[in-house]
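Protein chains in written order, with the working numbering: chain A, 4 to 130; chain B, 4 to 130.
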DNA sequence: TCAATAATAGTAATCGTTACTATTATTAAA
DNA sequence: TTTAATAATAGTAACGATTACTATTATTGA
């Protein structure tokens, strides 16, 4: 049985109000302004809960800590290999690819993830 | 200046001889049979080197430790959400998608990664 | 054969995350 | 309302994966 918590709501609202794909730690710093006593464990626990209930997205960038995204309309991400910045990109559907792959694979393919890597505008222009 | 090391060669050969996408720790256990004194740090250092020089691939599965792959012909991966198994899949090119995306994005897209998630045959059949 | 230095083994430290526990907050029912 | 059950919390400890450090060993070009 799930009970309401103002901390959880604060975390969700914080994440929905920004588009910078923060880490758990960045969210912690930010939410702490509203709830000075909130603990990092609470942030992690709720990020996991919100991810599992589909209210937010978790992004693994293979560089440093996981990122979170309050914008859940399907879209892709660009990850800068130099500064680690994560930016939204227009959605390119994986549906045909899943279909294509499912015929060849002895298992259940539920979804796929498409991430783009490269250098962002800032890093290209030498900082 | 890069100097030869038998440990590095052992790690590379070990990785090339298997298709199970092992973690650094699994490689360590395995290579230790040939080099009983090899240290985990040496394994990590060389895995990083081999990845950066394009001799192996590093796979982030967003579940547990990173996996490594000695098979570098372009291909995709299926990751089982239940047991974490990583399996090779036929390559589906991202080239058109990179092209498509590049026109819309103010940065340099170098490559993209496509991973499939779901349940493997074993986990589907209830173990 | 030697000198320069890259790579190592072993260990400590770090980072991101999860687990634990006593306390507090929420909620459904009396 | 009060109360009782228990979910969620704060604070902290523990954990797993990875990196950093340092004295020693191995490789290599001269």
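All residues carry an ideal CB built from backbone N, CA and C; glycine is no exception.
**Report entry** Spatial neighbours of residue 86 of chain B in its chain, beta-carbon cut-off 6 angstroms, leaving aside the 5 residues before and after
**Finding:** Counting from 1 along the second chain, the entry for residue 86 of chain B is found at position 83. Hits under 6 angstroms: 126.
Query raised in the report: Excluding five sequence neighbours on each side, which residues of the same chain lie with their C-beta closer than 6 angstroms to the C-beta of residue 45 of chain B?
Result: What you label residue 45 of chain B is simply residue 42 of the second chain in a count that begins at 1. Apart from the 5 residues on each side of it in sequence, residue 45 of chain B sits with its Cβ closer than 6 angstroms to the Cβ of 10 in its chain, given in chain order.
Query - Beta carbon of residue 115 of chain A nearer than 9 angstroms to that of residue 118 of chain B - result: The residue labelled residue 115 of chain A in the question sits at position 112 within the first chain. The residue labelled residue 118 of chain B in the question sits at position 115 within the second chain. A Cβ-Cβ contact shorter than 9 angstroms links residue 115 of chain A with residue 118 of chain B.
Requested in this report: Please state whether DSSP places residue 51 of chain B in a helix, a strand or coil.
Outcome: One-based indexing of the second chain puts residue 51 of chain B at position 48. Of the three classes helix, strand and coil, the one that applies to residue 51 of chain B here is helix, per DSSP.
Query raised in the report: With 16 other CB atoms within 10 Å as the buried threshold, where does residue 50 of chain B fall?
Result: As a first step, residue 50 of chain B is located in the second chain; it is residue number 47 there, counting from the start. Taking all protein chains in view, the Cβ of residue 50 of chain B is crowded by 16 or more other Cβ atoms within 10 Å, so the residue is classified as buried.
**Report entry** residue 94 of chain B to residue 111 of chain B span [Cα, whole Å]
**Finding:** The residue labelled residue 94 of chain B in the question sits at position 91 within the second chain. The residue labelled residue 111 of chain B in the question sits at position 108 within the second chain. Each residue's alpha carbon lies about 23 angstroms from the other.
Query - beta strand (DSSP E) segment containing residue 115 of chain A, residue limits - result: Along the first chain, one-based indexing puts residue 115 of chain A at 112. Taken as a continuous stretch (DSSP letters only), the beta strand (DSSP E) holding residue 115 of chain A covers 110-123.
Requested in this report: Note down, in chain order, every chain A residue with its Cβ under 8 angstroms from the Cβ of residue 115 of chain B.
Outcome: To locate residue 115 of chain B, count along the second chain from 1; it is residue 112. Correct list: 117, 118, 119 and 120.
Query raised in the report: Are the region 60-77 of chain B and the region 34-42 of chain B touching, with three or more C-beta to C-beta distances below 8 angstroms?
Result: Because the criterion of three Cβ pairs below 8 angstroms is not met, the region 60-77 of chain B and the region 34-42 of chain B do not touch.
Query raised in the report: Name the DSSP beta bridge partners of residue 81 of chain B, please?
Result: Here residue 81 of chain B refers to the residue found at position 78 when the second chain is read from its first residue. Partner(s): B:90 and B:119.
Query raised in the report: residue 107 of chain A versus chain B: which residues are under 8 angstroms apart at the beta carbon?
Result: Start at 1 with the first residue of the first chain, and residue 107 of chain A comes out as number 104. Residues of chain B passing the Cβ test: 92 and 93.
Report task. Could you spell out where the beta strand (DSSP E) holding residue 71 of chain B opens and where it closes? Result -> Residue mapping note: residue 71 of chain B aligns to position 68 of the second chain, counting from 1. Taken as a continuous stretch (DSSP letters only), the beta strand (DSSP E) holding residue 71 of chain B covers 70-72.
Query - Helix, strand or coil at residue 60 of chain B [DSSP, three-state] - result: Indexing the second chain from 1 puts residue 60 of chain B at position 57. In this structure, DSSP gives residue 60 of chain B an extended state, which the three-state scheme calls strand.
Query - chain B contacts from the region 52-79 of chain A (Cβ-Cβ distance under 7 angstroms) - result: Within the region 52-79 of chain A, the qualifying residues are 63 and 65.
Report task. Figure out for me which residue from B:105, B:18, B:80 and B:74 has the closest Cα to the Cα of residue 1 of chain B. Result -> With chain B running from 4 to 130 in the structure shown, residue 1 of chain B is simply not present.
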